[in-house]
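S.K.: So that we are looking at the same thing, I have put the structure below in structure tokens.
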């Protein structure tokens with residue numbers, strides 16, 4: 003076995019000051035003499051790296067950092083005030099010299115400590131500690147996919163609404179982590195760490211605001227019809243038990259995907275989130291395999307049970323009528339700009355009457371949804387005195403494009419769900435009519451590849467405020483880039499123009515006066 007005991011010499015300042023700094027092969031170790039007892043610890047505070055050589059020795063062998071008062075037990079390195087432990091080194095006095103054992107900590111030990119620290123940091127939403135834990139896991143050789151699997155399992159029973167934006171963001175962050183063309187000022191290290199940091203911190207943040215909602219462990223015999231009926235009835239317990247029956251029979255996500263897809267398009271479900279979430283579950287299961295299939299599907303089922311059925315509200319009665327009607331195909335083919343400004347009933351009828359397959363109509367409506375972003379009168383997000391139903395912001399507009407991208411990823415060319423998907427795109431377009439400019443902003447012109455590389459690079463250093471706004475910038479950017487190869491040049495420029503306008507616009511995140519007025523009005527009519 004290699005002997006890592008190293009002679010630090012006499013360390014003259016140890017006698018004069020009771021402390022001395024020893025540097026060796028990249029190590030900075032501070033040695034303390036506390037009433038004749040020697041201690042050797044890493045000189046850098048694990049909080050923010052300030053030198054502990056300048057710290058204060060308190061009673062009972064406690065060392066306090068002079069910058070933020072994190073303190074440590076010198077005998078074992080445990081944090082007394084603060085969180086992360088301090089590295090300690092065995093030390094001996096041999097004659098006139100000081101000897102320190104610089105034996106490296108085994109990677110397995112480093113990883114185990116880092117996992118424990120990550121769990122604590124996630125439970126407290128300690129952003130910088132999450133970052134340090136990820137850096138330590140990387141140093142211990144832990145792969146990103148292993149961290150992603152851990153994060154899914156950590157979070158899956160913590161959300162009363164099931165699959166969340168943060169889980170969808172995890173899928174895109176993992177993808178972005180490996181994309182080409184990312185240009186960051188400090189090189190590859192940030193591209194490895196930032197995606198995991200943002201994804202896990204978002205999961206941690208959302209978990210703070212949801213009661214722990216564990217899943218039962220009951221199992222029912224698998225039946226596709228019973229499963230669909232349980233979700234339609236919004237019976238989580240029965241749906242989860244039936245799902246477990248499918249897993250007990252050896253069924254995998256790929257076997258259940260057709261059933262999930264049918265359920266997703268059975269309603270205008272969760273303002274399009276259901277389709278987006280199903281696509282992200284597929285991406286994550288494809289990447290991380292069987293280790294995450296059960297937790298992801300449990301969360302997805304929970305979301306499908308609680309998601310709003312917006313097709314059942316009066317605003318979308320024409321959607322229900324159109325779904326029940328047959329397409330005439332008597333009129334000319336649909337044009338992407340023809341629906342802009344039409345109320346929902348006329349828009350649905352126009353799409354029904356237009357010639358072409360439902361897949362062809364969907365592709366045209368996809369471009370129309372992008373065109374709608376170019377018409378958005380963003381001043382409407384600043385209006386104060388209005389009913390809740392008129393509240394609007396950029397996220398309502400961008401969801402149409404992420405929904406469309408998810409649909410194309412989910413559905414085969416001959417899928418029976420293209421009609422529902424197309425008419426749901428009409429819902430997105432038509433509900434925005436009160437918030438449109440008469441003259442649209444211009445489409446994109448310029449170097450598309452350079453613009454996308456710049457947009458993706460900017461995601462690594464976002465200052466977008468709340469995580470929900472950051473993850474939408476991420477999802478929108480990724481969705482647009484994936485969509486471009488499926489479109490002609492003119493449509494590409496409309497889509498890129500929509501992304502450029504969205505990323506460059508002010509996005510109102512809070513509206514205190516409006517929210518207060520609307521709350522007062524709501525409460526005033528309570529019984």
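Numbering (the numbering used here), first residue to last: 3 to 529.
Note that CB positions come from ideal geometry on N, CA and C, so glycine has one too.
1. Using alpha carbons as the reference points, say which of 528, 346, 304 and 353 lies closest to residue 329.
2. Going by other Cβ atoms of all chains shown within 10 Å of its Cβ, with 16 needed for buried, is residue 278 buried or exposed?
3. Under the three-state reduction of DSSP, which class applies to residue 156: helix, strand or coil?
4. Go to residue 29, then tell me how far its beta strand (DSSP E) extends in each direction, as first and last residue.
5. Could you tell me if residue 3 is buried or exposed, where buried requires 16 or more neighbouring beta carbons within 10 angstroms of its beta carbon?
6. Taking DSSP as the reference, what is the three-state secondary structure of residue 344?
7. Identify every residue that forms a DSSP beta bridge with residue 91.
8. For residue 376, decide whether its Cβ has a neighbour in chain D, counting only Cβ atoms nearer than 7 angstroms.
9. Tell me, please, which residues DSSP counts as bridged to residue 22.
10. Taking 6 angstroms as the limit between beta carbons, can you name the residues of its chain near residue 14, skipping five residues before and five after?
11. How many whole angstroms separate the CB atoms of residue 270 and residue 429, which I take to be in contact at a CB cut-off of 8 angstroms?
12. Checking the sheet assignment: what are the DSSP bridge partners for residue 53?
13. Are the Cβ atoms of residue 305 and residue 165 separated by less than 7 angstroms?
14. How would you write the range of the beta strand (DSSP E) that residue 11 sits in, first residue to last?
15. If residue 531 and residue 246 are in contact, beta carbons under 8 angstroms, what's the gap, nearest whole angstrom?
16. Thinking C-beta only, is residue 91 closer than 7 angstroms to residue 75?
17. What ranges does the alpha helix (DSSP H) occupy inside the stretch 105–154, keeping only unbroken runs of at least 4 residues that lie completely in it?
18. Between the Cα of residue 163 and those of 185, 259, 208 and 141, spot the shortest distance and give me the residue it belongs to.
19. The alpha helix (DSSP H) that contains residue 420, what's its start and end?
20. Leaving aside the five residues before and after residue 376 along the sequence, list all residues of the same chain whose C-beta is less than 8 angstroms from its C-beta, in chain order.
21. Assuming residue 435 and residue 529 form a contact by the criterion Cβ under 8 angstroms, report the distance between their Cβ atoms to the nearest whole angstrom.
22. Beta-carbon within less than 8 angstroms of residue 213's beta-carbon, same chain only, minus the 5 sequence neighbours each way: which residues are those?
23. Check the C-beta distance from residue 186 over to residue 391 and give it rounded, since I have them as a contact under 8 angstroms.
24. Relative to the C-alpha of residue 126, which candidate in 205, 367, 299 and 396 has its C-alpha closest?
25. Candidates 38, 401, 489 and 182: which alpha carbon is nearest residue 17's?
26. Residue 232 to residue 216, Cα distance in whole Å?
27. Okay, do the stretch 359–366 and the stretch 415–427 touch, 3+ Cβ pairs below 8 angstroms being the bar?
28. If you drop the 5 nearest sequence neighbours on each side, which residues of the same chain put their C-beta closer than 7 angstroms to that of residue 223?
M.R.: According to the structure data:
1. As a working mapping, residue 329 is identified with position 327 in the chain shown. For the residues 528, 346, 304 and 353, the minimum Cα distance to residue 329 belongs to 353.
2. For this step, residue 278 is matched to residue 276 along the chain shown. Counting C-beta atoms within 10 angstroms of its own C-beta, residue 278 has 16 or more neighbours from the protein chains shown and is therefore classed as buried.
3. What you label residue 156 is simply residue 154 of the chain shown in a count that begins at 1. DSSP places residue 156 within a helical segment (H, G or I) once states are collapsed to three.
4. Numbered from its first residue, the chain shown carries residue 29 at position 27. Note, residue 29: beta strand (DSSP E), 29–36.
5. Start at 1 with the first residue of the chain shown, and residue 3 comes out as number 1. Here the model assigns residue 3 a pLDDT of 45, short of 50, so the residue's position is not dependable and the matter cannot be decided.
6. Position 342 of the chain shown, counted from the start, is the residue given in the question as residue 344. Residue 344 falls in the coil class under three-state DSSP.
7. As a first step, residue 91 must be located in the chain shown, where it is residue number 89. Checking the DSSP bridge columns, you'll see residue 91 partnered with 42.
8. Absent from the structure: chain D. Only one protein chain is present.
9. Walking along the chain shown from the start, residue 22 turns up at place 20. Among the bridge pairs identified by DSSP, residue 22 is matched with 33.
10. The residue you call residue 14 lines up with position 12 of the chain shown. For residue 14, where only same-chain residues beyond five positions count, there are no Cβ hits under 6 angstroms.
11. Taking the chain shown and counting its residues from 1, one reaches residue 270 at position 268. Taking the chain shown and counting its residues from 1, one reaches residue 429 at position 427. About 6 angstroms; that satisfies the 8 angstroms criterion.
12. Counting from one through the chain shown, the residue named residue 53 turns up at place 51. Residue 53 is bridged to 46.
13. By one-based count along the chain shown, residue 305 stands at place 303. By one-based count along the chain shown, residue 165 stands at place 163. Result yes, Cβ atoms of residue 305 and residue 165 sit closer than 7 angstroms.
14. Counted from its first residue, the chain shown places residue 11 at position 9. Unbroken beta strand (DSSP E) run through residue 11: 7–11.
15. Outside the shown range of the chain (3 to 529) lies residue 531, about which nothing can therefore be said.
16. By one-based count along the chain shown, residue 75 stands at place 73. By one-based count along the chain shown, residue 91 stands at place 89. In this structure, residue 91 does not lie closer than 7 angstroms to residue 75 by Cβ.
17. Listed in chain order, the complete alpha helix (DSSP H) runs (minimum 4 residues) inside the stretch 105–154 are 109–126 and 129–141.
18. For this step, residue 163 is matched to residue 161 along the chain shown. The residue with the shortest Cα to Cα distance from residue 163 is 208.
19. For the purposes of this step, residue 420 is taken as residue 418 along the chain shown, with counting starting at 1. Counting along the chain, the alpha helix (DSSP H) containing residue 420 begins and ends at 420–432.
20. Position 374 of the chain shown, counting from 1, holds the residue named residue 376. Residues 442, 443, 444, 445, 496, 499, 500 and 503 of the same chain have their beta carbon placed closer than 8 angstroms to that of residue 376, with the five preceding and five following residues left out of the count.
21. Along the chain shown, read from residue 1 onward, the residue named residue 435 stands at position 433. Along the chain shown, read from residue 1 onward, the residue named residue 529 stands at position 527. Contact flag wrong, Cβ pair sits at about 34 angstroms.
22. As a working mapping, residue 213 is identified with position 211 in the chain shown. Here the set comprises 162.
23. Locating residue 186 in the chain shown gives position 184, where the first residue counts as 1. Locating residue 391 in the chain shown gives position 389, where the first residue counts as 1. Taking the Cβ atoms as the reference, residue 186 lies roughly 42 angstroms from residue 391, outside the contact range of under 8 angstroms.
24. Position 124 of the chain shown, counting from 1, holds the residue named residue 126. The residue with the shortest Cα to Cα distance from residue 126 is 205.
25. Translated into the one-based positions of the chain shown, residue 17 becomes position 15. Nearest C-alpha to residue 17: 38.
26. Counting from 1 along the chain shown, the entry for residue 232 is found at position 230. Counting from 1 along the chain shown, the entry for residue 216 is found at position 214. About 18 angstroms.
27. Between the stretch 359–366 and the stretch 415–427 there are three or more C-beta pairs closer than 8 angstroms, enough to call the two in contact.
28. For the purposes of this step, residue 223 is taken as the residue at position 221 of the chain shown. For residue 223, where only same-chain residues beyond five positions count, the Cβ hits under 7 angstroms are 247.
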